[in-house]
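Protein chains in written order, with my numbering: chain A, 1 to 504; chain B, 505 to 842; chain C, 843 to 1178; chain D, 1179 to 1524. Ideal Cβ positions, reconstructed from N, Cα and C, are used throughout, including at glycine. Please read all numbers here as calculations on a predicted model, not as lab measurements. Just below is one structure, and these are the notes that go with it.
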Amino acid sequence: MTHPSDTGPAPVLALKGISKSFGAVRALRDVSLELFPGEVHALAGENGAGKSTLIKTLAGVHRPDAGQVLLDGEPVVFHGPGDARDAGIAVIYQEPTLFPDLSIAENIFMGRQPRRALRRIDHKATHDATTALMRRLGVELDPDRPARGLSIADQQIVEIAKALSFDARVLIMDEPTAALTNSEVARLFGVVRALRDQGAAVLFISHRLEEIFEICRTVTTLRDGAWIASEPLDGMTEDDLVRRMVGRDLAELYPKQDVTPGEVALSVRRLTREGVFTDVSFDVRRGEIVGLAGLVGAGRTEVARAVFGIDRRDAGEVEVDGRKLTNGAPSTAMAAGLALVPEDRRAQGLVMDMSIERNIGLTGLGTTVKAGLMDRGAERSRSLDWAVKLRVKYARIADTVDTLSGGNQQKVVLAKWLATGPKVLIVDEPTRGIDVGTKAEVHRLLSQLAADGVAVLMISSDLPEILGMADRVLVMHEGRLTAEIPRTDATEETVMAAATGRAA
Amino acid sequence: ATACGGTTKEDVKNEGGAAASAGKADPNAATKKGLTVGFLPKQVNNPYFTSADKGGEKAVKELGSRFKEVGPTSATDTAGQVSYVNTLTQQQADAMAVSAQDPGALCTALKQAMKNDIKVVTYDSDTKPDCRNAFVSQASAEDLGRTEVQLLAEQIGYKGEIAILSAAQTATNQNTWIEFMKDELKNPKYKDMKLVKVAYGNDDAQQSFQQTQGLLQEYPNLKGIISPTTVGIKAAAQYLSGSKYKGKVKLTGLGTPNDMRKYVKNGTVEAFELWDPAKLGELAARTAIALASGQITGQEGETFTAGAMGEYTIGEDGVINLGKPTVFNADNIDQFDF
Amino acid sequence: MPDSLTRAVRWDTVVGALLVVVLLLSFTTVDGFGNALNLSFLIGNTLPIALIALPMTLLVVSGEIDLSVASTAGLSGAVMGALWNQGMAIETIIPLCLLLGVVCGLVNGLLVTRLGLPSLAVTIGTLAAYRGIAQIVLGSDAVTDFPSAYLDFAAGRIGDTFVPYAFLPFLVLLAIAVVALHATPFGRSLFAIGAGEEAARFAGIRVKRQKLILFTVTGLMSALTGVFWALHYASARYDNATGLELSVVAAVLLGGIDFDGGKGTLGGAVAGVFLLGALQNVMSLKDVSAQSQIVVTGVLLVLSVLGPRVARQIAVARAGRKAATAPDAKTPAPTS
Amino acid sequence: MTLTAPDEAPVAEVPKAGATRLADRVFKMRELAILAVFLVMIAVTQAGNSAFLSEQGIKDLLLNATILVLVATGQALVVITRNVDLSVGSTLGISAFAAGTYLQGGGNPVVAVALAVLLGIGFGLLNGLLVSLGQVPALVVTLGTLYIIRGIDSIWVGSRQITAADLPGGFVDFGSGGISAVPYLALIALAVLVATAYYLRHFGGGRELYALGSNPEAARLAGIPVRKRILAAYTFCGALAGLAGAMYLARFGNVDSGTGSGYELTVVSAVVVGGVVFTGGSGSVYGAALGALLLTSINSVLPALGVSSVWVLAINGILLVLAIAVDRIVALRVATALKKRNARHA
Ligand SMILES: Nc1ncnc2c1ncn2[C@@H]1O[C@H](COP(=O)(O)OP(=O)(O)OP(=O)(O)O)[C@@H](O)[C@H]1O
Ligand SMILES: Nc1ncnc2c1ncn2[C@@H]1O[C@H](COP(=O)(O)OP(=O)(O)OP(=O)(O)O)[C@@H](O)[C@H]1O
Ligand SMILES: [Mg+2]
Ligand SMILES: [Mg+2]
């Protein structure tokens, strides 16, 4: 464990003794970090360790309570994100921050549009530059399409394009890959490597350790807001890294228990939503974990939404325990024992302005009731139970969820749905943005639930997760189910083949 | 009273309204001093009511009493007006002069005031008779209605289509005048004149403006417009003077000389009429003080002297008429300033 | 300590405290304020605003607004007058008027929930439409001859006390509204809808149905207010209660209800209503002109949003200072 | 665990032209729907009353819309930033009176207009500062300033009023004059409208207004000077309200303490009917202007058709609701079409 040395090239950007508190929460305590040109630097730590806060401090979003930001060795004060941008720092924030009403091209170039004479915007140049960026990232997104309605993954891609759109000296990425599938991640890494080779300094955050090992050279670890170590990744193992992060050894990441599936709990027949997915049929049995894999935009989320009743289905039927569900009525789906952990936790999973307690309580409005009135005691103990069970890290249960770190927010969403005691649980990207330690816990939990007879449908873009956890893997491609692969035959190759439409 | 399982209008008719209690009038009683007289116009900041209330203030001061003016800022805020009646009651004014936004809405509050020994005079716009002691009317409604038709008839040579541009549809006094206008038009000498429409500009400059436009578009042969409201006539005059109809379509009605001077001079308007609002206010004030001094009680037939304005007799239902309105035209308009 | 402090500076509490202060001051220093008659006037004149403020608070908490309330009240008054003129019994008329209010509310609700239109736009439209229909129904009539038993109930007070008869049913309605918003799953779901509609939908809350219920109840309460208004002022006209929507909105805003939805308490809203009512009463008694009263209302509104903000900043700064000075022994020294 | 993409993901040339045109159509559709409603209404009226579209009739129609178009343009800018300015009616009233008082003393009309605009700017700045610095809900603040400005106006003006007789003849003639059927005032409003629309579409500052209305947090992160922009939007809105005040004076020649009261609801209706969304980020000033034209025209159409004024208000309201509903249905249809079109697996 060595502190960054004074030899070698000078750091472009450095933090010295940074501290930052939010009210009583001390998110960062005396943290230092140096970013060197031509190097990809990883930032690791559990959920709530302070990674995003650190990044926001670098980007001028937060003003540190103490400490300095050094740019080319000179102390600077960023008064806002604009200052940081002008200094050549590009940032991809953990949560996509797009303008839903504006086109993708405008989203990417907002604030720095190409100009014509008289400082007028050059719309054509903006459009062309966007097309070029999309090509570089290997995705098809119409630059003129409004950002509203983009899937989380596509939003993340626009964010990436935004950061790449100017020749940044420093590129900071807060979990850019959380919503992406492997192929997009590979593309992204290609671009990042190219930038690195051109001399940019990159700071990269991910909870997928293999990604850190793949692209980064050095790593800084944070724990509870404190700096633990900055060191080269060479010679480190994943276990070493996890130990630095969590301070202890890690349990198994995919603790799948073997179970014998029971009778069919969820039965989906010929489900169709025009223009989105067609003729989707599958069963999930009690005790079974079924993985639903596919490329971004394959329609997995849409299937889950239609099954749960958020969107109306155009054709087909859904049965839970043999009971047909009403079309477009989540309340009846819930009553039948269905639960859906949605992919977009900020918009769909949580009411950001509400307390942790009430967010978890929201799914229990029908049960924590006495004589028609809310039973506050019951509500609190129900929420507390689950918050504790999932080890949500919070100061007070009455704090609003927007003060939680991303991973802890995800745990609250899980808590909210597990508290309903579902018979069938659909989880859409359940571990997106969750640290390894917690991920193992979530997996253990899902596994335990299955063992207790719950039918689980797991949508995930994290292929190892699917392979590690699922008894059976369903694969979607362009709105259709293309394959059903039993656990024993499921490999990255077979799944990817089906997901890309190359017949399995 | 629950015949047929409910209380209906028929049942109420038999209830009968309790008339205002009337003591005995003493015509020779001394005029009291040091009284508080509250003026409550339909709307403060309204130039018409401001001149009326100024007239009232002058008279009250002259008689050695205290004057105050309160009122809502909107002419349709009936609830506001009611709460001002309540306020005056709380402050134990001796008399109040009220121009009622609504004939019924102020009743409960006014009766409450009378119960507290406060004399209530209405002016300009009346309430139901049992809710006040006396009503000072700006001119007899009949006079106003008929003379306006006569004025216009002369200007258009007793021939052609005419229209009326009134204030709000609910404005009590306007509606009474319009009834008399219609009645006057029944006279055979107006057989060639035809009232084609009554439009409502809600005493709002812009709406009156657009209503005038609408009238002219709908009735291209329109010869004349009567607007028995100061806001309406002014807006109509402004529209006409800026349009091709200037001088061709005649306009008359109720307006103040200051508002209308320009249009009379530029030929848009030949003649219009109005009573002197200051005189109206003065008479209301003097009536209020006479009531408070016990010189009158508001019964029909009682008489009292209103200072320099001379002697007035109380008519049916406690109504006191100010007198005939003045007609203004290019010859005399410069002699007036209100 | 900072906990209870931040909670104490919540704006609805401040409004409540302000109301108490204003009342106490007025009792002691303003002539004619404290007597029973004046207080009954104050309450009676404030009741229409208070009645509508109840459902409006719930609506605003769920992120919607209804500007057509005053027109609905006017319409129900106008219909009441017209039917009365037809000779129908008042006992039949009043339920009919309330039903009409339900229909008005339902129309708003359906337009908002079925077509997904913004409630502000819809209700600006129905504000004009309902008022216009009232005008068609009653024209220039002013109906005043309602049976005196009803008029006395709407305008009278219990004996010589300051309590108007109509205040008692209001208290019952207030209690119902408070329980509905703050103690039932329904109320809880309204907060969720207001703060995050999509998340509420994902939690199985029947967003559209709840909103439809709210709009309908708002229509019903507006119609009730219209009936009360016509009887209280003994006058049914098509333009009854014109402009009342702004007073309601102003009072509710003053009470700390957040127009973005998801925040606020009924206590705050009702305190806001009566604070405005009491201030106006006091200012009138003190001979403050109507024009100056308008300015005071405006200043209060601006303060009502700036106040909590400043309070919050002070609280945050204080908490921050406390955290910064707290010694922290656990901080591991960075190893070199 | 790198898993290379199947084949070099074919960046199929997005059917750019088609999609662009479609997107453009959505953008324009919103205004088109209102324009259609407007034209139908005018046509029906003309059929029922041939005098309606006479030179005088057209002039009246345009003149009536002018003032509302100006105020609605300013309001649209504010609404696009996810705020609102309810105090425009009060601002209009007080600036009209200020200009009138100045002219009454025999002032220069140009200076009078400048005075009105400056006063408007002042109140706009006040609103902008309160909203952006205090970061408080615009609805409450501007409802507050609505009352404050109106109260100050009433206290200052009292029962005084400015009438056409007090104003220089040239000023009043300018208010109702024009080049054949096109009034001068309408030309001014049109110029302001076109310039504003051009700025919104083609300048960074304009696009940033949309951005910060669409997602304020993202705007902050994108380094947009949020406060400055909001302040600018309010100032512009105030300036236009002031200018509208001067025009009101020229047009009606008649100003008192009640001028412009209740105007805020009309302005907001115009903006909303014009398809500017209250949650910010979308809509155009052309839409707002069309909304204003539609609203004022309803008030001219009904009297011209001989509809009794008793019916006017109800029809007005119902038309308003219909316009919003039609606009919404059209927008939904197009959005569905667009979604199907853009679905990746078409
Ligand atoms: N705006 C805020 N107000 C209050 N507390 C905050 C705020 N932002 C972050 N925190 C707290 O600061 C701590 C660090 O949060 P941060 O978001 O930096 O974590 P993180 O390392 O990015 O976690 P994750 O991996 O889950 O994204 C957490 O305890 C969080 O609750
Ligand atoms: N809320 C939404 N509104 C409109 N369109 C959406 C929405 N969510 C997704 N889409 C679009 O629908 C298509 C299918 O996306 P969906 O989210 O179902 O895919 P997925 O397989 O779940 O992928 P992922 O979740 O990895 O993004 C995509 O083109 C996406 O852009
Ligand atoms: Mg984070
Ligand atoms: Mg998905």
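Expressed to the nearest angstrom, what Euclidean distance is found between the alpha-carbon atoms of residue 213 (chain A) and residue 1105 (chain C)? Distance from the CA of residue 213 (chain A) to the CA of residue 1105 (chain C), rounded to the nearest whole angstrom, comes to 46 Å.
Partners in chain C for residue 1230 (chain D), counting only beta-carbon separations shorter than 7 Å: Within chain C, not a single residue places a beta-carbon under 7 Å from that of residue 1230 (chain D); the smallest gap is close to 22 Å.
Proximal chain B residues relative to residue 1487 (chain D), where beta-carbon distance stays under 8 Å: 673, 703, 704 and 715
Below 8 Å between beta carbons is the criterion; list the residues of the segment 1235–1250 of chain D that meet it against any residue of chain B, in chain order. 1235, 1238 and 1242
Which first and last residues belong to the alpha helix (DSSP H) in which residue 962 (chain C) is found? 961–980
Per DSSP, residue 227 (chain A) forms a beta bridge with which residues? Note: residue 227 (chain A) sits in a beta bridge opposite A:222.
Is residue 1271 (chain D) helix, strand or coil when you go by DSSP? In this structure, residue 1271 (chain D) counts as helix in the three-state DSSP scheme.
Is the CB of residue 363 (chain A) under 9 Å away from at least one CB in chain C? yes
Is the beta carbon of residue 1460 (chain D) within less than 8 Å of some heavy atom of ligand 1? no
At what residues does the alpha helix (DSSP H) containing residue 123 (chain A) begin and finish? 123–137
Using CA coordinates, which residue listed in C:876, C:932 and C:1050 is at the minimum distance from residue 954 (chain C)? C:1050
Does the count of Cβ pairs from the segment 867–878 of chain C and the segment 891–906 of chain C closer than 8 Å reach three? no
Members of the segment 737–759 of chain B near chain D, C-beta cut-off 9 Å: 738, 739, 741, 742, 743, 745, 746, 747, 748 and 749
CB of residue 94 (chain A) to nearest heavy atom of ligand 3: below 8 Å? yes
Taking only beta-carbon positions, decide if residue 930 (chain C) is within less than 9 Å of chain B. Yes, residue 930 (chain C) counts as interfacial toward chain B.
So, is the C-beta of residue 1329 (chain D) closer than 9 Å to a C-beta in chain C? With 9 Å as the cut-off, residue 1329 (chain D) counts as an interface residue toward chain C.
Residues of the segment 554–587 of chain B with a CB closer than 7 Å to any CB of chain D: list them in chain order, please. 554 and 577
At which residues does the alpha helix (DSSP H) containing residue 533 (chain B) begin and terminate? Under the DSSP assignment, residue 533 (chain B) falls outside any alpha helix (DSSP H); it carries neither an H nor an E label.
Go ahead and pull the three-state DSSP assignment for residue 525 (chain B). Note that residue 525 (chain B) scores a pLDDT of 48, beneath 50, so its modelled location is shaky and nothing firm can be said.
Under a three-way DSSP split, which group does residue 41 (chain A) fall into? strand
Using a Cβ-Cβ cut-off of 9 Å, state whether residue 1153 (chain C) counts as contacting chain A. Proximity of residue 1153 (chain C) to chain A, defined by a Cβ-Cβ separation below 9 Å, is not satisfied.
By the 10 Å Cβ neighbour count, where 16 or more other Cβ atoms means buried, how is residue 531 (chain B) classified, buried or exposed? exposed
So which residues of chain C does residue 514 (chain B) contact, with C-beta pairs closer than 9 Å? 929
Check whether the Cβ of residue 406 (chain A) sits closer than 8 Å to any heavy atom of ligand 1, and report yes or no. yes
Using CA coordinates, which residue listed in A:23, A:10 and A:197 is at the minimum distance from residue 1157 (chain C)? A:23
Would DSSP call residue 1238 (chain D) helix, strand or coil? helix
Applying a beta-carbon distance threshold of less than 7 Å, which residues of chain C neighbour residue 510 (chain B)? 931, 932, 933 and 934
From what residue to what residue does the beta strand (DSSP E) around residue 283 (chain A) run? Residues 277–285.
Interface residues of chain C around residue 1414 (chain D) at Cβ under 7 Å? None at all; the shortest Cβ gap to chain C is about 21 Å.
Is any heavy atom in ligand 1 found nearer than 8 Å to the beta carbon of residue 355 (chain A)? Not under cutoff, so the answer is no.
What does residue 984 (chain C) reach in chain B if we use C-beta pairs closer than 9 Å? The contacting residues are 606, 607, 608, 609, 674 and 676.
With distance defined between alpha-carbon atoms, name the residue in A:235, A:240, A:217 and A:234 nearest to residue 228 (chain A). Comparing Cα-Cα distances from residue 228 (chain A) to each of A:235, A:240, A:217 and A:234, the minimum goes to A:240.
Taking CB distances under 9 Å as the criterion, tell me whether residue 910 (chain C) reaches chain A. no
Counting only beta-carbon separations shorter than 9 Å, does residue 1385 (chain D) have a partner in chain B? False, the Cβ-Cβ gap to chain B never drops below 9 Å.
Interface flag, residue 722 (chain B) vs chain D, CB-CB below 9 Å: yes
At the level of alpha carbons, what is the spacing between residue 662 (chain B) and residue 668 (chain B)? 16 Å
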